[in-house]
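Read the structure below first, then the notes.
Protein chains: 2
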Amino acid sequence: MRNAYFDQLDSIVDELVDMTHVVKVAVSLATQALLTADAEIAEKVISDDAAIDAARERVEERSFELLALQQPVASDLRMLVAALRMVADLERMGDLSVHVAKVARLRVPQVAVPAEIVPTIERMATVAEKMVDTVAGIIAERDVEGARQLEEDDEEMDQLRRSSFRLMLDDSWPHGVEPAVDIALLGRYYERIADHAVSLARRVVYLVTGETVTTVDHL
Amino acid sequence: MRNAYFDQLDSIVDELVDMTHVVKVAVSLATQALLTADAEIAEKVISDDAAIDAARERVEERSFELLALQQPVASDLRMLVAALRMVADLERMGDLSVHVAKVARLRVPQVAVPAEIVPTIERMATVAEKMVDTVAGIIAERDVEGARQLEEDDEEMDQLRRSSFRLMLDDSWPHGVEPAVDIALLGRYYERIADHAVSLARRVVYLVTGETVTTVDHL
Chain H
1 MRNAYFDQLD SIVDELVDMT HVVKVAVSLA TQALLTADAE IAEKVISDDA AIDAARERVE
61 ERSFELLALQ QPVASDLRML VAALRMVADL ERMGDLSVHV AKVARLRVPQ VAVPAEIVPT
121 IERMATVAEK MVDTVAGIIA ERDVEGARQL EEDDEEMDQL RRSSFRLMLD DSWPHGVEPA
181 VDIALLGRYY ERIADHAVSL ARRVVYLVTG ETVTTVDHL
Chain P
1 MRNAYFDQLD SIVDELVDMT HVVKVAVSLA TQALLTADAE IAEKVISDDA AIDAARERVE
61 ERSFELLALQ QPVASDLRML VAALRMVADL ERMGDLSVHV AKVARLRVPQ VAVPAEIVPT
121 IERMATVAEK MVDTVAGIIA ERDVEGARQL EEDDEEMDQL RRSSFRLMLD DSWPHGVEPA
181 VDIALLGRYY ERIADHAVSL ARRVVYLVTG ETVTTVDHL
């Protein structure tokens with residue numbers, strides 16, 4: 001028979017999975033705000049981030065309670081410490097979506113992204129959302145195989161970022177400094193969202209296999 | 001009489017303080033590499049980051065050992081979980097110094113930063129280093145007062161970043177896109193180093209006072 005302790009462990013995992021869904025919506029809406037110069041959607045992303053912060057607090061409180069009251073050992077201890085880190089990754093992904101939304105808001109009524117960069121940013125957003133989806137599955141199923149897919153997606157993200165730099169730094173770039181600065185920072189935000197997705201997945205791999213986690217942050 | 005358990009807790013705090021010193025050197029050398037276009041110093045920052053990663057692993061292993069074997073409760077439990085987070089902040093500060101060094105290396109033999117932006121970047125680096133120093137003191141002494149100073153320094157960092165944007169986005173900016181993109185990203189890196197310093201300090205405040213920690217990330 002299941003007891004309250006295992007139910008609480010499960011509820012933490014459920015909350016982490018729920019958070020990935022909320023983060024995916026944040027990434028998607030932030031990108032929509034960015035590419036359509038929609039201030040209302042941008043504001044929504046910014047204000048909805050409070051829900052992600054609140055979810056982080058709930059997971060932290062529950063994890064602490066279990067650590068303090070149940071004194072878990074071995075794999076449960078590892079899981080709870082991993083949960084505390086994963087929730088920090090998810091919160092950062094929410095913050096980074098807010099940053100994208102703030103760039104959008106800053107340039108309204110103009111679209112911050114020049115037309116020839118739109119496909120690159122769109123693809124970055126698609127890859128980021130796909131990675132968040134994959135992470136949700138990895139957390140829910142403890143599916144270590146999915147983590148490999150994420151590394152590939154992360155590689156595509158890096159290539160997209162390099163291609164945005166090539167366009168901006170080409171002599172034929174007609175848009176001047178401001179859009180270039182926006183795109184450099186936007187690219188950094190999407191790339192960091194991807195990095196946090198990889199980091200989340202690696203924490204699950206560590207839980208399942210004991211294999212060491214390393215931090216990701218390419219430039 | 002002190003026992004091995006308290007010695008191990010102390011050794012974790014000592015290691016965190018040592019890491020802040022190593023991070024400060026990384027920030028300082030990365031800035032030197034940046035402002036003098038010194039590829040050798042840049043390489044040193046990049047390769048020395050392995051020592052910060054290794055320190056992170058040591059702190060993580062020791063914290064896990066204590067969590068698993070000693071099953072600490074209340075304040076010791078909070079301290080160990082805080083240590084796991086603080087070490088993640090410190091590792092990121094090292095990574096961000098590496099990013100600064102990589103921008104430096106990318107532009108050698110040229111200096112990535114145009115002359116009129118040098119004072120701003122220099123000041124950003126000085127503020128960042130000062131903040132890392134303050135954090136070392138806060139961790140070592142559990143001095144909650146020092147945390148207030150950090151919030152002020154962080155505000156100065158934000159102002160420096162805004163001032164760099166004003167210079168780059170002015171019509172009279174003569175340097176084109178590439179240095180602007182470099183400075184936008186460099187500003188982001190120094191700002192994130194400052195944010196992590198504030199985050200570290202808030203974790204100590206939380207340990208000492210029980211006051212809630214919130215994440216910092218301005219744009």
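As they're listed, the protein sequences go chains H and P. The UniProt record's numbering puts the first residue of the first sequence at 1, with every later residue one more than the last. The UniProt record's numbering puts the first residue of the second sequence at 1, with every later residue one more than the last. Even glycine gets a Cβ: it sits at the ideal position worked out from N, Cα and C.
For the pair P/Asp158 and P/Lys130, the CB atoms are not nearer than the 8 Å cut-off. Under the rule that a run must span 3 or more residues, no beta strand (DSSP E) segment is found entirely inside the segment 94 to 155 of chain P. Between H/Glu15 and chain P, the shortest Cβ-Cβ separation is not below 8 Å. Here P/Tyr5 is exposed, its C-beta having fewer than 16 other C-beta atoms within 10 Å. Along the UniProt domain "PhoU" (121 to 204) of chain P, going in chain order, the ones with a CB nearer than 8 Å to a CB of chain H are Phe165, Met168, Leu169, Trp173, Gly176, Val177, Glu178, Ala180, Val181, Ala184, Leu185 and Arg188. The beta-carbon of H/Ala68 is placed less than 8 Å from the nearest beta-carbon of chain P.
Within chain H, the residues Phe64, Leu67 and Ala68 have their CB atoms less than 8 Å from the CB of P/Leu77, given in chain order.
When DSSP states are grouped into helix, strand and coil, H/Val27 belongs to the helix group. Between the C-alpha atoms of P/Leu167 and P/Ile138 there is a straight-line separation of about 35 Å.
For H/Gln70, the enclosing alpha helix (DSSP H) covers residues Ala39 to Gln70.
Contact between H/Val22 and H/Ile41 does not hold, since the beta-carbon distance rounds to 15 Å and is not under 8 Å. The beta carbons of P/Val45 and P/Ala33 sit about 6 Å from each other, so the pair counts as a contact at 8 Å. Using a Cβ-Cβ cut-off of 8 Å, P/Gln71 counts as an interface residue toward chain H, since at least one Cβ of chain H sits closer than that to its own. Here P/Asp171 carries a coil assignment [DSSP, helix/strand/coil]. For H/Val81, the neighbours in chain P by C-beta distance under 8 Å run, in chain order, Phe64, Leu67, Val81 and Leu84. One Cα belongs to P/Leu84, the other to H/Pro109, and the distance between them is close to 44 Å. Taking H/Ala147 as reference, the option from H/Ile117, H/Arg188, H/Met19 and H/Leu207 with the minimal CA-CA separation is H/Leu207. Two segments are said to touch when three or more pairs of C-beta atoms, one from each, lie closer than 8 Å; by this definition the segment 187 to 199 of chain H touches the segment 88 to 95 of chain H. Assigned with DSSP and collapsed to three states, P/Gly187 falls in helix.
DSSP, read as helix, strand or coil, puts P/Val13 in helix. Across the structure, P/Val13 and P/Ser47 are spaced so that their CA atoms are roughly 25 Å apart. By a beta-carbon distance limit of 8 Å, P/Val177 contacts H/Val177. Their separation comes to about 6 Å. Here H/Gly210 is exposed. Its C-beta has fewer than 16 other C-beta atoms within 10 Å. In this structure, the CA atom of P/Met19 is about 15 Å from the CA atom of P/Leu29. Cβ neighbours of H/Val103 within its own chain (closer than 7 Å, five residues either side excluded): Leu34, Ala112, Asp182, Leu185 and Leu186. Separation of P/Glu145 and P/Arg202 (C-alpha to C-alpha, rounded to the nearest whole angstrom) is 11 Å. Put simply, of H/Asp143, H/Leu80 and H/Ser164 the residue whose alpha carbon is nearest the alpha carbon of H/Ile117 is H/Ser164. The beta carbon of P/Thr120 sits closer than 8 Å to those of Leu160, Ser163, Ser164 and Leu167, all from its chain and outside the five residues before and after it, given in chain order. Taking H/Pro179 as the centre and dropping the five residues before and after it, the same chain places the C-beta of Pro114 closer than 6 Å to its C-beta, in chain order. Burial is judged here by how many other beta carbons sit within 10 angstroms of a residue's own beta carbon; H/Pro174 has fewer than 16 and is exposed.
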